[in-house]
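Positions 1 to 297 (full-length UniProt numbering) are the ones given, in order, by the sequence shown.
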Amino acid sequence: MGITIGSAPDSWGVWFADDPLQTPASRFLDEVAEAGYEWIELGPYGYLPTDAAELSDELAKRDLKVSAGTIFAALHRPDHYDEAWAQVELVADLTRAVGGTHLVVIPGQWRSDKTGEALEPRELDEAGWQRLASGMDRLGADVKERYGLQMAFHSHADTHVDTQDQIERFLEMTDPEVVKLCLDTGHVSFSGGDNLEIIRRYPDRIAYAHLKQVDPQVVAKVKAEDLGFGDAVKLGAMVEPPQGVPDMPPVLAALEDLGRDIFAIVEQDLYPVAFDVPLPIARRTCSYLRSCRLPRA
1 MGITIGSAPD SWGVWFADDP LQTPASRFLD EVAEAGYEWI ELGPYGYLPT
51 DAAELSDELA KRDLKVSAGT IFAALHRPDH YDEAWAQVEL VADLTRAVGG
101 THLVVIPGQW RSDKTGEALE PRELDEAGWQ RLASGMDRLG ADVKERYGLQ
151 MAFHSHADTH VDTQDQIERF LEMTDPEVVK LCLDTGHVSF SGGDNLEIIR
201 RYPDRIAYAH LKQVDPQVVA KVKAEDLGFG DAVKLGAMVE PPQGVPDMPP
251 VLAALEDLGR DIFAIVEQDL YPVAFDVPLP IARRTCSYLR SCRLPRA
């Protein structure tokens, strides 16, 4: 038992299924293996091949394996479940077919990543919180029953579950049996939270992790100017370890102390980024995490 690290298309500047600013999928697969990783996430559906046999062949060529797929689900909105489930049917089916075990679920964003425009109110009212919690309970149960995957909820900047208070409220309102947490160390720190405190208070809810660090000076500027997350990334808010916060060794030790298998996937937001930038960062990051004495890499 212990931590198994991997990486994700996000660390190669991939946010969308198709975008000319993004590293081509074949190059990502080549480079993530070259950097020393064995495990990856699928990234946005459609970026990697969506035919399970084709994707399995591409993974096998590079000795890669899949830990999880990802969807966005704005379940605080009325009558959104069917739209979310349509994503599940595509992503969970592919994830399961290639051996993945988790489905990472990111809540809907109130502000656009691309434009910074406010799309809806920043704060949820009580009815919105109730819809979000009951919808995620239903989604987690349905994903487990239909696909055998564990749902891991991912707090995220510019969503309604962003700050530590919001994360804790969400966890208190949802079913601990079916709704687990993807602890994204960068997003927690970006929003002023304490990763170690979350692990300490909710050890049984941590099912998955995203490893990233933030530059406190850039984050301070972003918060002072109320910039959107997309602008924050362009300014360099997300940095490779050990250049930012949180300090990785204590977080990794706390995850290790949970005493169960946990995927810890490196996710350094880099959109957009020149194609030759991610590989050297990925090599250094993989080497650094190994230096933190992780049992497997």
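Ideal placement from N, C-alpha and C gives every residue a C-beta, glycine not left out.
Remember, predicted model here, so these are calculated numbers, not experimental data.
{"Asked": "N-terminal and C-terminal residue of the beta strand (DSSP E) that Cys182 is part of", "Found": "180-184"}
{"Asked": "C-alpha gap between Thr23 and Met238, whole angstroms", "Found": "18 Å"}
{"Asked": "Pick from Ala133, Ser26, Ala220 that is closest to His160, judged by C-alpha positions", "Found": "Ala133"}
{"Asked": "Buried versus exposed call for Ser287 [16 or more other C-beta atoms within 10 Å across all chains shown]", "Found": "exposed"}
{"Asked": "Beta-carbon spacing of Val266, Ser7 below 9 Å", "Found": "yes"}
{"Asked": "Buried or exposed by the 16-neighbour rule on C-beta atoms within 10 Å, applied to Ser26", "Found": "exposed"}
{"Asked": "CB contact flag (Met151, Lys144, <9 Å)", "Found": "yes"}
{"Asked": "Leu21 versus Val273: straight-line alpha-carbon distance, rounded", "Found": "7 Å"}
{"Asked": "Unbroken stretches of the beta strand (DSSP E), 3 residues or longer, contained in the region 209-285", "Found": "262-266"}
{"Asked": "First and last residue of the uninterrupted beta strand (DSSP E) at Phe72", "Found": "65-73"}
{"Asked": "Reduced DSSP category for Gln22 - H, G, I as helix; E, B as strand; rest coil", "Found": "coil"}
{"Asked": "Pairwise C-alpha distance: Gly36 and Ala52", "Found": "24 Å"}
{"Asked": "Inter-stretch contact at 8 Å, needing at least 3 Cβ pairs: the region 212-232 / the region 276-291", "Found": "no"}
{"Asked": "Ile40 vs Thr70 beta-carbon contact at 9 Å", "Found": "no"}
{"Asked": "Unbroken alpha helix (DSSP H) run spanning Phe170, endpoints", "Found": "164-173"}
{"Asked": "Counted within 10 angstroms of its Cβ, other Cβ atoms place Gly140 as buried (16 or more) or exposed", "Found": "buried"}
{"Asked": "Nearest-angstrom Cα separation, counted from Asp215 out to Ser155", "Found": "19 Å"}
{"Asked": "3-residue-minimum beta strand (DSSP E) runs that sit fully inside the region 84-172, ordered along the chain", "Found": "102-107, 150-154"}
{"Asked": "Environment of Ala220 [buried if 16+ CB atoms lie within 10 Å]", "Found": "exposed"}
{"Asked": "Option in Asp82, Asp184, Asp204 with minimal Cα separation from Met248", "Found": "Asp184"}
{"Asked": "Three-way DSSP call (helix, strand, coil) for Trp15 in this model", "Found": "coil"}
{"Asked": "C-alpha gap between Asn195 and Phe72, whole angstroms", "Found": "22 Å"}
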